[in-house]
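Notes to accompany the following structure.
In my numbering, the protein residues as written are 262 to 692.
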């Protein structure tokens, strides 16, 4: 059996979006001939919320090793909170000692804390071990260049220049890339001569019903919606951001029209946007509510920026009358959170760039309704199409979508793990 060393700094009990690919894959790796060894950062040194229930979804025999990191209580004084940079010297030291033993066949960086991936090139040169990178989001991107400062991520000036320097260090030696988006692969192929189409595989996150089973068994509750009141509670649980402005404006403009033309229906709508910021608790910037206020529906929209425990978010999805997913203006944005939305068995309305894979998945599985836009779509036109799609959904409530579960089978965690290990096998066989 081959061995893969997985670098995943944020790992259970930490609650972070970038750990779910590994978490969902661990129960299946051995079925396809791979033994996984996961290396995380000490949870006490990771500035993210915790969800202890995440640990219960891991295999009993999972091998997880822990590395240290510089204490954020110290490094914040000089403006450094990035977990990748704080843990980099410790991954370097302990990872080098581990790879020197000679029994690791592949190193797999599955994280959005991308800076640790520069170690892959060093380890490859020193120990002759190939490495792969899981591109869940863009690493170095020009998307925010030229945007107003208030629309740029925190510390954009520094992070943009650091990423521009470090991404080539990692990518110019990489042996394989798994990505959630073909657009990310295309960008890297254009940027680096060594990155070829044969090296890249688009594999979305997998869906795992076991998460909902754990949620139900644990008795988790959520404080945001009351299933017994007369309101129509519509929920979105996930990140916000200025890049979702087009979708959000289309949704809220449609709501404003509905409250005017169909007050008995749309007047009951209360929208809840939860966990919209990655900032520490209490420090997140609201990016959704201001758009609702501009559209005249601020009284019907609540934005809670703080992240909530993962299983509480699943409870929220299941308790909602209806789910909405606003998409990014970036056509490569895939919203891997879509699978829990489908597994919740709640009606889903997604407003996405027409080139996003979300649109195809919803249509293939018949699990929800997708309204699309492109860079030229006028907001008024988008609002009209959202209104036309949304109205019959609200009229039909309550109902369970007629999801085609056979069509959904290729998106399960087991199916996605099988696709990953095919890439592992190919990379190792080429060495």
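By construction, the Cβ of each residue, glycine as well, lies at the ideal position given by its N, Cα and C atoms.
Let me make sure I understand the geometry here. Which of 589, 378, 537, 264 has the alpha-carbon closest to that of residue 438?
Here the question's residue 438 lines up with position 177 in the chain shown. The option with the nearest alpha carbon to residue 438 is 378.
In the DSSP assignment, the alpha helix (DSSP H) including residue 460 goes from what residue to what residue?
Taking the chain shown and counting its residues from 1, one reaches residue 460 at position 199. Note, residue 460: premise wrong, no alpha helix (DSSP H); not H, not E.
Alpha carbon to alpha carbon, how far is residue 670 from residue 523? Give it in angstroms, no decimals.
For the purposes of this step, residue 523 is identified with residue 262 of the chain shown, where counting begins at 1. For the purposes of this step, residue 670 is identified with residue 409 of the chain shown, where counting begins at 1. A direct Cα-Cα distance of roughly 38 angstroms separates residue 523 from residue 670.
7 angstroms Cβ shell around residue 573 - same chain, five flanking residues per side excluded
On the chain shown, position 312 is the one that residue 573 refers to. For residue 573, where only same-chain residues beyond five positions count, the Cβ hits under 7 angstroms are 481, 483.
Would you identify the three-state DSSP class for residue 374, choosing helix, strand or coil?
Taking the chain shown and counting its residues from 1, one reaches residue 374 at position 113. The DSSP-derived three-state label of residue 374 is coil.
Three-state secondary structure (DSSP) of residue 594:
As a position in the chain shown, residue 594 is number 333, starting the count at 1. Three-state DSSP puts residue 594 in coil, outside helix and strand.
Beta-carbon proximity list for residue 404, same chain, < 8 angstroms, skipping 5 on both sides:
Numbered from its first residue, the chain shown carries residue 404 at position 143. The answer, listed in chain order, is 504, 591.
Should the stretch 647-664 be called in touch with the stretch 577-592, which here means at least 3 C-beta pairs below 8 angstroms?
Look at the beta carbons and you see the stretch 647-664 touching the stretch 577-592: at least three pairs across the two are nearer than 8 angstroms.
For residue 266 and residue 689, I'd like the C-alpha separation in whole angstroms.
The residue you call residue 266 lines up with position 5 of the chain shown. The residue you call residue 689 lines up with position 428 of the chain shown. About 13 angstroms.
Through-space distance from residue 502 to residue 532, alpha-carbon basis:
One-based indexing of the chain shown puts residue 532 at position 271. One-based indexing of the chain shown puts residue 502 at position 241. Cα-Cα distance, rounded: 17 angstroms.
Alpha helix (DSSP H) segment containing residue 621, residue limits
The residue you call residue 621 lines up with position 360 of the chain shown. Here the alpha helix (DSSP H) through residue 621 covers 618-626.
Separation of residue 561 from residue 491, as counted between CA atoms:
Counted from its first residue, the chain shown places residue 491 at position 230. Counted from its first residue, the chain shown places residue 561 at position 300. Approximately 14 angstroms, taken between the alpha carbons.
beta-carbon residue 611 near the ligand NAP non-hydrogen atom, thresh 7 angstroms:
This structure lacks the ligand NAP, and indeed carries no ligand of any kind.
When the Cα of residue 644 is compared with those of 509, 408, 620, which residue comes out closest?
Stepping through the chain shown from its first residue, residue 644 is reached at position 383. With distances taken between CA atoms, residue 644 lies nearest to 509 out of 509, 408, 620.
With burial defined as no fewer than 16 other Cβ atoms inside 10 Å of the residue's Cβ, what is the status of residue 525: buried or exposed?
Numbered from 1 along the chain shown, position 264 holds the residue referred to as residue 525. A residue is called buried once 16 or more other Cβ atoms fall within 10 Å of its Cβ, and residue 525, having fewer, is exposed.
In or out: residue 285 buried (at least 16 other Cβ within 10 Å) or exposed?
Here residue 285 refers to the residue found at position 24 of the chain shown. Buried is the label assigned to residue 285, since at least 16 other Cβ atoms lie within 10 Å of its Cβ.
Less than 8 angstroms separating the beta-carbons of residue 535 and residue 473?
Here residue 535 refers to the residue found at position 274 when the chain shown is read from its first residue. Here residue 473 refers to the residue found at position 212 when the chain shown is read from its first residue. Inclusion of residue 535 and residue 473 in the CB contact set at 8 angstroms is not warranted, their separation being larger than that value.
Within 8 angstroms, do at least three Cβ pairs link the stretch 358-371 to the stretch 405-412?
As far as the Cβ criterion goes, the stretch 405-412 does not touch the stretch 358-371, which means the pair count is below three.
Can you list, in chain order, the residues of its chain whose CB lies under 6 angstroms from that of residue 567, leaving out five sequence neighbours each side?
Translated into positions along the chain shown, residue 567 becomes position 306. Annotation for residue 567: 542 place their beta carbon closer than 6 angstroms to its own, counting only its chain and skipping 5 residues before and after.
What number of angstroms, rounded off, separates the C-alpha of residue 382 from the C-alpha of residue 322?
Residue 382 sits at position 121 when you count from the first residue of the chain shown. Residue 322 sits at position 61 when you count from the first residue of the chain shown. The alpha-carbon separation between residue 382 and residue 322 amounts to approximately 30 angstroms.
Is there contact between the stretch 600-608 and the stretch 619-631, where contact requires at least three CB pairs shorter than 8 angstroms?
Yes, the stretch 600-608 is in contact with the stretch 619-631.
Excluding five sequence neighbours on each side, which residues of the same chain lie with their C-beta closer than 8 angstroms to the C-beta of residue 668?
Within the chain shown, the letter at position 407 stands for residue 668. Within the same chain, residue 668 has close Cβ partners 625, 626, 627.
Using the beta-carbon count (16 or more within 10 Å), is residue 445 buried or exposed?
As a first step, residue 445 is located in the chain shown; it is residue number 184 there, counting from the start. Per the 10 Å Cβ criterion, buried.
Would you call the stretch 273-282 and the stretch 347-357 touching, i.e. three or more CB-CB distances under 8 angstroms?
No, because fewer than three Cβ pairs between the stretch 273-282 and the stretch 347-357 fall closer than 8 angstroms, the two stretches do not touch.
Which residues DSSP lists as bridging residue 634, in chain order:
Locating residue 634 in the chain shown gives position 373, where the first residue counts as 1. DSSP lists 614 as partners of residue 634.
In chain order, which continuous runs of the alpha helix (DSSP H) of length 4 or greater are located wholly inside the stretch 472-527?
Runs found: 506-522, 524-527.
How long is the line joining the alpha carbons of residue 373 and residue 521, rounded to whole angstroms?
Numbered from its first residue, the chain shown carries residue 373 at position 112. Numbered from its first residue, the chain shown carries residue 521 at position 260. C-alpha separation (whole angstroms): 43 angstroms.
Rounded to the nearest angstrom, what separates residue 513 and residue 329 at their Cα positions?
Here the question's residue 513 lines up with position 252 in the chain shown. Here the question's residue 329 lines up with position 68 in the chain shown. C-alpha of residue 513 to C-alpha of residue 329: approximately 45 angstroms in a straight line.
Would you list the one or two residues that DSSP bridges to residue 405?
As a position in the chain shown, residue 405 is number 144, starting the count at 1. For residue 405, which the question treats as bridged, DSSP gives no partner whatsoever.
On the criterion of 16 or more Cβ atoms from any shown chain inside 10 Å, does residue 209 qualify as buried, or is it exposed?
As displayed, the chain neither begins before 262 nor continues past 692, which places residue 209 out of reach and without an answer.
With DSSP collapsed to three states, give me the class of residue 668.
Start at 1 with the first residue of the chain shown, and residue 668 comes out as number 407. Three-state result, residue 668: helix.
Using the Cβ count rule (16 or more neighbours within 10 Å means buried), how would you classify residue 651?
Counted from its first residue, the chain shown places residue 651 at position 390. Buried, by the Cβ-count rule.
By a C-beta neighbour count over all protein chains shown, 10 Å radius and 16 as the cutoff for buried, is residue 300 buried or exposed?
Along the chain shown, one-based indexing puts residue 300 at 39. Under this definition residue 300 is a buried residue.
Taking the beta carbon of residue 414 as the centre, do at least 16 other beta carbons fall within 10 Å, making it buried, or is it exposed?
In the chain shown, counting from the first residue as 1, residue 414 sits at position 153. The residue in question, residue 414, is exposed, as its Cβ has fewer than 16 Cβ neighbours within 10 Å.
Rank 539, 635, 551 by C-alpha distance to the C-alpha of residue 589 and give the top, closest one.
For this step, residue 589 is matched to residue 328 along the chain shown. Measuring from the Cα of residue 589, the nearest candidate turns out to be 635.
Excluding five sequence neighbours on each side, which residues of the same chain lie with their C-beta closer than 6 angstroms to the C-beta of residue 563?
In the chain shown, counting from the first residue as 1, residue 563 sits at position 302. Within the same chain, residue 563 has close Cβ partners 533.
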